[in-house]
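The structure appears right after this line, and notes come after that.
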């Protein structure tokens, strides 16, 4: 398929947003899953996940705003100054994503306040911490997870809903690939943080390794589908060539996640595998974003 | 209202480009060396709302004609004054999150400068590479079909300046008739590949700036009918793919956490930190 579209020049700020947005949404989902697992020993890891989610979310609107040609008009994403009312366009992933980011921000912030109260960093929000315990907290974080995972997925859909080579050719695979990659990266980051904290149960860390492996398998399958779709469209050449360097990072990241529990990986420094996995997440997004625009 | 651009009589004089820049106060891009082409504009962008494409189907240094044309013994120098197509189903309008892109009373597609915040989603969506990002203003820009001139009862600057009347401006129905007659004329002269592009609804619901081409659309960097697809085709599949992966991921995560817990209950030792 021949493409004649011009590149939108979405570059480093957008890469940063895709990475941190994915980590934020993925960490929130993992925090919720840890709570749903029903083991009190997972609670401290869940708190780390919710704190990580919000910290990763903070740069996202900043990156997006800086990337705009008119940063002071960022609010035009939400308010329709042309026709009046709210700017909500279901056909536009960027419009949906703007609203999702706002709503997820509320969920992530409240869960963050609850988590830092429970950790003992900020006693003023003890009430939120208490309110988020039990069934109400599970419902809250379950709804937040829907928006968090939407943040992970829509970035891929945003690229696919275009007429750019690679992005539009990958069609339905990009959203899923970014979700799987975000979950794998978030699990790796939580593992990294868990290993540096005494209050996180060692057994929870072992189970995070298992989860990371499952997510990496899912990501591998979706990357394979992505490449097949590009081959069918005749644009696979765009993601090869110089981009092989990034593919190497992606593959190393996947191997690190898949082999984390192997005997060989046990001899590596404990931070090596999670860092490689995170680099792989970043490299995958860089590969998709930049290769299509050159 | 719209344009009918008859490429068979374009002489590549670039009067349309000059008139467009002059009326719309566009500075143009810095000059660049295009090496193997007489086209010194390059492409449509924020500074070039009209661009005369030079499709040089002439022998190279080895005497080989790349992509030979069926006319003139395989050699031709095709020219086309390219412009925003003002599609009836516009990709750019579909994705614009701020509604800065609007449909005017003339059925043209217009970017409202005071609404656009420079997200560049329209650039990503336009299948013709029409829209460019104006670094100075921080917004997306393209042909307005001289909206201000139309309001004053004038025809667009490019059509006014075209010396061969390759660019014709008028009511779309009238232009269709002119185009049909011209195509029939060319066919009788033996130009078998001559065709209208965007005349009917097969390309983005019909183009308000449509063309008579002397070769297939891809030669002029226009997607064929089969490839003229809207970005929204990937909306539903994209979200379905995302949701399906999220569901599988959540189940996998729960399995990992729950099965791990059962294993942990059977094994009381802890991993050293």
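Chains as they are written, first to last, in the working numbering: chain A, 718 to 1011; chain B, -2 to 270.
Note that CB positions come from ideal geometry on N, CA and C, so glycine has one too.
- prompt: Does residue 116 of chain B get closer than 8 Å to chain A when you measure Cβ to Cβ?
  reply: Yes, because at least one Cβ of chain A sits closer than 8 Å to the Cβ of residue 116 of chain B.
Those runs of the alpha helix (DSSP H) which lie wholly inside the segment 128 to 170 of chain B and span at least 4 residues: Qualifying alpha helix (DSSP H) stretches, in chain order: 144 to 148 and 154 to 158.
- prompt: With DSSP run on the structure shown, which of helix, strand or coil describes residue 305 of chain B?
  reply: Since the first and last residues shown for chain B are -2 and 270, residue 305 of chain B lies out of range.
- request: Look at the alpha carbon of residue 41 of chain B and the alpha carbon of residue 915 of chain A, and state the distance between them as a whole number of angstroms.
  value: Across the structure, residue 41 of chain B and residue 915 of chain A are spaced so that their CA atoms are roughly 59 Å apart.
field: Selection from A:729, A:721 and A:734 that minimises the alpha carbon distance to residue 872 of chain A
entry: Checked all of A:729, A:721 and A:734; the closest Cα to residue 872 of chain A is A:734.
field: Proximal chain B residues relative to residue 806 of chain A, where beta-carbon distance stays under 7 Å
entry: Those are 94, listed as they occur along chain B.
message: Suppose the cutoff is 8 Å on Cβ atoms and the five residues either side in sequence are ignored; what does the same chain contact list for residue 840 of chain A look like?
response: Excluding residues up to 5 positions away in sequence, 834 lie with their Cβ nearer than 8 Å to the Cβ of residue 840 of chain A in the same chain.
- prompt: With 8 Å set as the bound, which would you pick, yes or no: does the beta-carbon of residue 1011 of chain A sit closer than that to a beta-carbon of chain B?
  reply: With 8 Å as the cut-off, residue 1011 of chain A does not count as an interface residue toward chain B.
task: Would you verify that the beta carbon of residue 239 of chain B is, or is not, closer than 8 Å to some beta carbon of chain A?
output: When Cβ-Cβ separations below 8 Å define contact, residue 239 of chain B makes contact with chain A.
field: Closer than 8 Å to chain A by CB, residue 138 of chain B
entry: Taking 8 Å as the threshold, the shortest C-beta distance from residue 138 of chain B to chain A does not fall below it.
query: Is any beta-carbon of chain A found at less than 8 Å from that of residue 106 of chain B?
result: By this cut-off, residue 106 of chain B is not an interface position.
query: For residue 107 of chain B, does the three-state DSSP call read helix, strand or coil?
result: Reduced to three states, the DSSP call for residue 107 of chain B is strand.
message: Taking the beta carbon of residue 838 of chain A as the centre, do at least 16 other beta carbons fall within 10 Å, making it buried, or is it exposed?
response: When all chains shown are included, residue 838 of chain A counts as exposed.
- request: Answer with yes or no whether the minimum CB distance from residue 222 of chain B to chain A is below 8 Å.
  value: So no, residue 222 of chain B is outside the interface.
message: Please list, in chain order, the chain A residues whose beta carbon lies closer than 9 Å to that of residue 190 of chain B.
response: Near residue 190 of chain B there are no residues of chain A at all, since even the closest Cβ is about 18 Å away, more than 9 Å.
- prompt: Can you tell me the Cα-Cα spacing of residue 132 of chain B and residue 39 of chain B, whole angstroms?
  reply: Taking the straight line joining both Cα atoms gives about 18 Å.
field: Short Cβ contact (8 Å threshold) for residue 136 of chain B with residue 113 of chain B
entry: For the pair residue 136 of chain B and residue 113 of chain B, the CB atoms are nearer than the 8 Å cut-off.
- request: Compare the beta carbon distance of residue 772 of chain A and residue 730 of chain A with 8 Å and say whether it is the shorter of the two.
  value: Between residue 772 of chain A and residue 730 of chain A, the gap from beta carbon to beta carbon reaches 8 Å or more.
- request: Take the Cβ of residue 696 of chain A as the centre, count every other Cβ of all protein chains shown within 10 Å, and call the residue buried at 16 or more, exposed below.
  value: Because chain A is modelled from 718 through 1011, residue 696 of chain A falls outside the range shown and cannot be assessed.
message: Given this structure, state the Cα-to-Cα distance separating residue 844 of chain A from residue 970 of chain A, to the nearest angstrom.
response: Going from the Cα of residue 844 of chain A to the Cα of residue 970 of chain A covers about 40 Å.
query: Which residues of chain B have a Cβ atom closer than 7 Å to the Cβ of residue 798 of chain A, listed in chain order?
result: Think of a sphere of 7 Å around the beta carbon of residue 798 of chain A: the chain B residues whose beta carbon falls inside it are 112, in chain order.
- request: Say whether the segment 95 to 111 of chain B touches the segment 797 to 804 of chain A, bearing in mind that this needs 3 or more beta-carbon pairs closer than 8 Å, one atom from each stretch.
  value: Cβ pair count under 8 Å is three or more, so yes.
field: Whole-angstrom C-beta distance between residue 884 of chain A and residue 804 of chain A, which should lie under 8 Å
entry: With a Cβ gap of about 23 Å, residue 804 of chain A and residue 884 of chain A do not count as contacting.
query: Taking all protein chains shown into account, do 16 or more other C-beta atoms lie within 10 angstroms of the C-beta of residue 209 of chain B, making it buried, or fewer, making it exposed?
result: The Cβ neighbour count for residue 209 of chain B, taken over all protein chains shown within 10 Å, is at least 16; the residue is labelled buried.
field: Sub-8 Å separation of residue 925 of chain A and residue 896 of chain A beta-carbons
entry: No Cβ-Cβ contact shorter than 8 Å links residue 925 of chain A with residue 896 of chain A.
query: In terms of DSSP beta bridges, what is residue 14 of chain B paired with?
result: Looking at the DSSP assignment, residue 14 of chain B forms no beta bridge with any residue, so it has no partner.
- request: Measure from the alpha carbon of residue 228 of chain B to the alpha carbon of each residue in B:49, B:81, B:80 and B:88, then state which is nearest.
  value: Of the listed residues, the one whose Cα sits closest to residue 228 of chain B is B:88.
message: I want to verify the contact list: residues of chain B whose CB lies under 7 Å from the CB of residue 778 of chain A, in sequence order.
response: Taking a Cβ-Cβ threshold of 7 Å, none of the residues of chain B is close to residue 778 of chain A; the smallest such distance is about 13 Å.
Contact set between residue 745 of chain A and chain B, taken where Cβ atoms lie within less than 7 Å: In chain order: nothing, as chain B lies at least about 12 Å away.
task: Could you pull out every unbroken beta strand (DSSP E) segment of at least 3 residues lying fully inside the segment 838 to 866 of chain A, listed in chain order?
output: For the segment 838 to 866 of chain A, there is no continuous beta strand (DSSP E) assignment of 3+ residues that stays within its boundaries.
- prompt: Alpha carbon to alpha carbon, how far is residue 32 of chain B from residue 722 of chain A?
  reply: About 23 Å.
- prompt: Along chain A, in chain order, which residues have C-beta atoms closer than 7 Å to that of residue 88 of chain B?
  reply: Result: 880.
- prompt: Looking at C-alpha atoms only, which residue of B:164, B:178 and B:223 is the closest neighbour of residue 17 of chain B?
  reply: Closest option to residue 17 of chain B, judged by alpha-carbon separation, among B:164, B:178 and B:223: B:164.
query: What does residue 53 of chain B pair with, by DSSP beta-bridge criteria?
result: DSSP lists B:74 as partners of residue 53 of chain B.
- request: Drop a sphere of 10 angstroms on the beta-carbon of residue 1004 of chain A, count the other beta-carbons inside from all chains shown, and report buried for 16 or more, exposed for fewer.
  value: So residue 1004 of chain A counts as buried.
- prompt: Closer than 8 Å, CB to CB, is residue 794 of chain A near chain B or not?
  reply: Residue 794 of chain A counts as touching chain B.
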